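Trainee: Numbering (mature numbering (1 follows the signal peptide of the UniProt record, and there is no 0)), first residue to last: -16 to -1, 1 to 154.
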C-alpha cells in the first residue's frame, strides 16, 4: 500500500505536465495580448479556397456587465499552437485552415486575474465552414464555453454582431 502511494505521488508531476502539452498544442504563447476593436461594416468575405475550410469564432457576452459599462471583454483565440486573433465583446472573426485535425483555444485577456482557458478539437474538411460559439460569462462566474454552433444560429449572430479586428501588441 505504501509503495502504491509512493508511486502515485511520484507520478503526479507527469500529470501536471500533460495539461501544458494540451495548452501548447492549441493556444499560443501566454505573454501575447491583443488590441481589438469592433468594425460594423466590412466587405463580403473572399471566396473560400476549395483546399481550405473556414472557421468562425463568435463571442456572445449574453447580458450586459452591470459593473463594467464600457469595459472591453477581449478573448484571445488560438489554433494549433498559434494565436489567430481576438474577439471583443459581442463580435466575430474567421480564419481559413487546411483540412485535417485542429486544436482550438480561447483564453481571457485579463491583466488582473489569471487567464481562463477552454479547448476544443475538430476535424476540418476542405470546402466546409465551421462555427464555434464563445459564451463569455466572465463577469458572472469567471468561465467560458467554447462549443460548435448551429449554422443558422451562427449566421444570425454574425449578422447581428460586429466584426472583430485585432492586432497583437508588440
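We treat Cβ as the ideally placed atom computed from N, Cα and C, and that holds for glycine.
Just so it is clear, the structure is predicted and the values come from calculations on it, not from any experiment.
Do three or more CB pairs link the segment 17 to 29 to the segment 108 to 121 at distances below 8 Å?
Mentor: The segment 17 to 29, when compared against the segment 108 to 121, does not touch it at the 8 Å Cβ threshold.
Trainee: Would you report the Cα separation of residue 85 and residue 67, rounded to the nearest angstrom?
Mentor: Whole-angstrom Cα-Cα distance: 17 Å.
Trainee: Leaving out five residues on either side along the sequence, give the residues of the same chain with a beta carbon under 6 Å from the beta carbon of residue 101.
Mentor: Counting only Cβ-Cβ distances below 6 Å, and skipping sequence neighbours, we find 91.
Trainee: Check residue 130 in the structure and name its three-state DSSP category.
Mentor: Strand at residue 130.
Trainee: Would you mind sorting residue 156 into buried or exposed? The rule is 16 or more other CB atoms within 10 Å of its CB.
Mentor: In the structure as shown, the chain starts at -16 and stops at 154, and residue 156 therefore has no counterpart that could be examined.
Trainee: What residues in its chain sit with their C-beta under 7 Å from that of residue -8, if we drop five residues either side in the sequence?
Mentor: Since pLDDT at residue -8 reaches only 45, below the 50 mark, its modelled position is unreliable, and no value is offered.
Trainee: Measuring CB to CB, does residue 156 end up less than 8 Å from residue 115?
Mentor: Given a span of -16 to 154 for the chain in the structure shown, any question on residue 156 remains unanswerable.
Trainee: Using a Cβ-Cβ cutoff of less than 7 Å, which residues in the same chain neighbour residue 99 once the five nearest sequence positions on both sides are dropped?
Mentor: 91, 92.
Trainee: Quick one: what's got a C-beta closer than 6 Å to residue 112's C-beta in the same chain, skipping five residues either side?
Mentor: Here the set comprises 37.
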